[in-house]
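In full-length UniProt numbering, the protein residues as written are 1 to 165.
What follows is the structure in structure tokens.
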């Protein structure tokens, strides 16, 4: 996967919004205000002051560029009647980017990561039904010619997932 440079504002927003969006009438204005307060208090550096519109535009740019694949709430798919699974693949280095693009192009796929292991590509498949997971796996295998290891959860643990950028 290629490495992408991001601005200090992009980094701040990715890190901050993973922890939640403020529940208020103007959450992006509040985020801009928090940034500006931290700059004024010298607790945040390397970033110019910003406003609500800049926060919104920056998030839109992150989505349009593909740096962020989605921005929104996380739902418990199982409680809503849906299903999800962890999946892994052994992808030849020479085909890694091409296979990643195929997989990332599927709306049911999220959290695609490269790992330093024989199974070097790991991702999550989320669907409306358990049977659709099998369909997505079949599609991936057909389009890539590679085998997908399906690793469904046996028990759920909440760990407060957070990936610092």
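Just so you know, even glycine gets a beta-carbon here, dropped at the ideal spot from N, CA and C.
- For residue 132 and residue 154, the gap between their C-alpha atoms comes out near 18 Å.
- If you ignore the 5 residues before and after residue 81, its C-beta comes within less than 8 Å of the C-beta of 128, 129, all in its own chain and listed in chain order.
- By the neighbour-count criterion, in which 16 or more other beta carbons inside 10 Å mark a residue as buried, residue 121 falls on the buried side.
- Taking the Cα of residue 86 as reference, the smallest distance to any Cα among 119, 102, 99, 97 is reached at 119.
- Here the stretch 66 to 75 does not lie against the stretch 42 to 52, with fewer than 3 beta-carbon pairs under 8 Å apart.
- Contact check for residue 18 against residue 113 fails: the beta carbons are separated by 8 Å or more.
- A Cβ-Cβ separation of about 5 Å places residue 165 in contact with residue 14 under the 8 Å criterion.
- For residue 4, same chain residues with a beta-carbon under 7 Å away, outside a window of 5 residues either side, are 67 in chain order.
- By the beta-carbon neighbour count (other beta carbons within 10 angstroms, threshold 16), residue 83 is buried.
- Per DSSP, residue 125 is one residue of the beta strand (DSSP E) stretching across 121 to 127.
- In the structure shown, residue 91 falls within a coil segment according to DSSP collapsed to helix, strand and coil.
- A direct Cα-Cα distance of roughly 42 Å separates residue 148 from residue 24.
- Looking at the backbone, the Cα of residue 35 and that of residue 109 are separated by about 32 Å.
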